Every structure is written in structure tokens, then in C-alpha cells.
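Right, one structure below, let's go through it.
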Amino acid sequence: MEALAQTSVSEAVTLLESFLNTYRYKDGSYVCKATDYESFIEEMMVQKRIEFWGEGILIYDYKRLDRGITRDYTGSVASNIPADETRYLLNTTGRSPQWNICIPLSEMQTNTGIGADNNNPDPTGFEGDPQKNV
Numbered sequence: 053m054e055a056l057a058q059t060s061v062s063e064a065v066t067l068l069e070s071f072l073n074t075y076r077y078k079d080g081s082y083v084c085k086a087t088d089y090e091s092f093i094e095e096m097m098v099q100k101r102i103e104f105w106g107e108g109i110l111i112y113d114y115k116r117l118d119r120g121i122t123r124d125y126t127g128s129v130a131s132n133i134p135a136d137e138t139r140y141l142l143n144t145t146g147r148s149p150q151w152n153i154c155i156p157l158s159e160m161q162t163n164t165g166i167g168a169d170n171n172n173p174d175p176t177g178f179e180g181d182p183q184k185n186v
């Protein structure tokens, strides 16, 4: 659907509606109101978050689409965890370097085929785009 939306949003909307009305909204009540690429991608991501809740596979979508993740919205799990653990509920407004897998220095030192220019950005000192602790 995402790839189709790049060439025809209306066809992607039809496909999303067909899929959801076949597998989730069996009464045919789902209607996608997206009219442009950005609104379609946002709606598709909402539906993917519902479908794959707790499975951890959406990180690849967030990275590919350069989207941020908000973890401290009203009613989020922040209200269900101890206050000293909320420091891990970080928000990002785009792709975070913390999501990169970096090749360790020891590997670059022993493998002459890998150099620093082949590595992902080092997230060690990442402060983030205004990340907010809950």
C-alpha cells in the first residue's frame, strides 16, 4: 500500500479499505479519509500500530519513513509504570541515531574492509531532537 501510494493515493486508499473491511471491520464500516500521500501514510501507520501492537516490527517503517515516535502522550503507559522508569519514555521527531546498529570499533580494527566511513552514525552522545522525559 505504501509503494502504491507513491504513484496513486486513490488506489492505495481503495486497497487499504478493502483489506481492513475484509479482515478487521467485517461490516464494511471502515472508510479511509486520506486525500494525499502524507495523510495516507499517517492513516496506514495508525492501522499498522493497531494491527502489530506490541510486536516491535514497526521500527523499520519509522526508520524508512523518517518518522518520530512519541511515547509520552496522555493516557500512555507512562501512567502505568513507576516514576523512576519514565526516563526511558523518549520522544523523537524524526529518525533517531539510537535506532542504528553500529559496527564495533574492534571489528573495524581487525577487518580492513570496514572503515569508519562504512558505519552508521555513532549514537553515543545523542541528545536527540527535543526529547522529553515524562
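Just so you know, we're using the working numbering here: the sequence shown kicks off at 53 and counts up by one.
Note that the Cβ used here is the ideal one computed from N, Cα and C, for glycine as well.
The structure displayed is predicted, hence computed values, not measured ones.
Among the residues of its own chain, which have a CB less than 7 Å from the CB of Arg116, if the five just before and after it don't count?
none
With a threshold of 8 Å on Cβ separation, who are the neighbours of Ile155 within its own chain once the five nearest residues in sequence on each side are excluded?
Ile166, Asn170, Asn171 and Asn172
Inter-stretch contact at 8 Å, needing at least 3 Cβ pairs: the stretch 71-82 / the stretch 105-112:
no
Alpha carbon to alpha carbon, how far is Ala168 from Met160? Give it in angstroms, no decimals.
7 Å
Quick check on the burial criterion: 16 or more other C-beta atoms within 10 angstroms. Buried or exposed for Asn185?
With a pLDDT of only 43 at Asn185, under 50, the local geometry of the prediction cannot be trusted, and the value read off the model is given with reservation. It is exposed - the Cβ of Asn185 has fewer than 16 other Cβ atoms within 10 Å.
Excluding the 5 residues flanking Phe104 on each side, which residues of the same chain have their C-beta closer than 8 Å to its C-beta?
Leu110
Have a look at Gly146 and Thr74 and give me their C-alpha separation to the nearest angstrom.
33 Å
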